[in-house]
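Student: The structure that follows is given in the form of structure tokens.
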Amino acid sequence: MSRLAKRYLLLTWILLLPPSIAPAAAHNIKVSSDVAATFHIEPNHNPKAGEPSQAWFALTHKGGTIIPLTQCDCKLAVRAEPHQKEKTPLLEPALKPLSTEQYQGIPSADIIFPKSGEYALEIRGRPKAGAKFQPFKLSYTVTAVAGRSWNSQPSIDRDRQAVQKSKKSGNAPNPSSFFLAIPIAILFGLGALGVLQYLRKSK
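First residue of the sequence shown? That's 62 in the working numbering, and the numbers climb one at a time after it.
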């Protein structure tokens, strides 16, 4: 499919969307073969690392017909960016049907990004028996922001951990101090013996 044809097809799908969602969803729509997908991820396209995020894909066949998960053999792969195509995906979340807004039974998945950074979400699918659309593959780039990490801990917790660490280091024996104490103890012992001998002679 030529670039001009893809742009025309994308414009057709946008015009078929209800006016209330078309402007907001336009930058999340991609087209592959005769299938378009409107992508969304919570919360508000700003997922946090270490916390669950729900992603969904509203698949639409040419002409505006919604493709539910029951009609699509779909698979989702999550890869950390940059990635090599031949490498195994970082995550392969299970897809489940979701009904949201005007979409019914569309593919969705719960994703936990391990750390902040860019990720590629690749969804591919082929028609199940009775469905009439061509196999497709689409990729979306998502940026996960910092979530549950050291910086998100309350300051009181960090202070408590610092105090505990200081106590542990203070209680640990210092080898140099130990060896320095040995000659000092010997000198004190010799001094005490000398004093005792002097007192005995003076008697």
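For each residue, glycine too, the CB sits at the ideal point set by N, CA and C.
When we look at the beta-carbon of Ala97 and count the other beta-carbons within 10 Å, is it buried (16 or more) or exposed?
Tutor: As a working mapping, residue 97 is identified with position 36 in the sequence shown. Around the beta carbon of Ala97, 16 or more other beta carbons lie within 10 angstroms, which makes this residue buried.
Student: Alpha carbon to alpha carbon, what distance is there between Ile90 and Pro84?
Tutor: As a position in the sequence shown, residue 84 is number 23, starting the count at 1. As a position in the sequence shown, residue 90 is number 29, starting the count at 1. With a pLDDT of 42 at Pro84, under the threshold of 50, the modelled position of this residue cannot be trusted, and the question is left open.
Student: Taking the C-alpha atoms as reference points, what is the distance between Glu179 and Leu159?
Tutor: Counting from 1 along the sequence shown, the entry for residue 179 is found at position 118. Counting from 1 along the sequence shown, the entry for residue 159 is found at position 98. If you take the alpha carbons of Glu179 and Leu159, they lie about 25 angstroms apart.
Student: Answer with buried or exposed for Pro104, where buried requires no fewer than 16 other C-beta atoms within 10 angstroms of its C-beta.
Tutor: In the sequence shown, residue 104 corresponds to position 43, counting from 1. Exposed, since its Cβ has fewer than 16 Cβ neighbours within 10 Å.
Student: By Cβ distance below 8 angstroms, which residues in the same chain neighbour Gln145 in space, the five residues on each side in sequence not counted?
Tutor: Position 84 of the sequence shown, counted from the first residue, corresponds to residue 145. Contacts found: none.
Student: Give every residue of the same chain whose Cβ lies closer than 6 angstroms to the Cβ of Cys133, excluding the five residues on either side of it in the sequence, and list them in chain order.
Tutor: One-based indexing of the sequence shown puts residue 133 at position 72. These residues qualify, in order along the chain: Gly186.
Student: Relative to the C-alpha of Pro150, which candidate in Ala190, Leu156, Ile173 and Val139 has its C-alpha closest?
Tutor: The count along the sequence shown starts at 1 and reaches residue 150 at position 89. Out of Ala190, Leu156, Ile173 and Val139, Val139 has the C-alpha closest to the C-alpha of Pro150.
Student: Does the beta-carbon distance from Thr202 to Gly166 come in below 8 angstroms?
Tutor: In the sequence shown, counting from the first residue as 1, residue 202 sits at position 141. In the sequence shown, counting from the first residue as 1, residue 166 sits at position 105. No.
Student: Tell me which residues share the same chain as Lys198 and place their Cβ nearer than 6 angstroms to its Cβ, disregarding the 5 neighbours each side in the sequence.
Tutor: For this step, residue 198 is matched to residue 137 along the sequence shown. Answer for Lys198: Ser93 and Arg185, listed in chain order.
Student: Using the rule of at least 16 other Cβ atoms within 10 Å of the residue's Cβ for burial, across every protein chain shown, is Thr161 buried or exposed?
Tutor: In the sequence shown, the residue the question calls residue 161 occupies position 100. When all chains shown are included, Thr161 counts as exposed.
Student: Going by C-alpha distance, which of Thr99, His106, Gln115 and Thr126 is nearest Ile172?
Tutor: Position 111 of the sequence shown, counting from 1, holds the residue named residue 172. Looking at the Cα atoms, Gln115 is the closest of the given residues.
Student: Less than 8 angstroms between C-beta atoms, sequence neighbours within five positions excluded: which residues of the same chain meet that for Lys136?
Tutor: To locate residue 136, count along the sequence shown from 1; it is residue 75. Only Glu153, Leu156, Ile184, Arg185 and Gly186 meet the Cβ criterion.
Student: With C-beta atoms as the reference, is Ser169 less than 8 angstroms away from Trp117?
Tutor: Your numbering for residue 169 matches position 108 in the sequence shown. Your numbering for residue 117 matches position 56 in the sequence shown. Contact flag set, yes.
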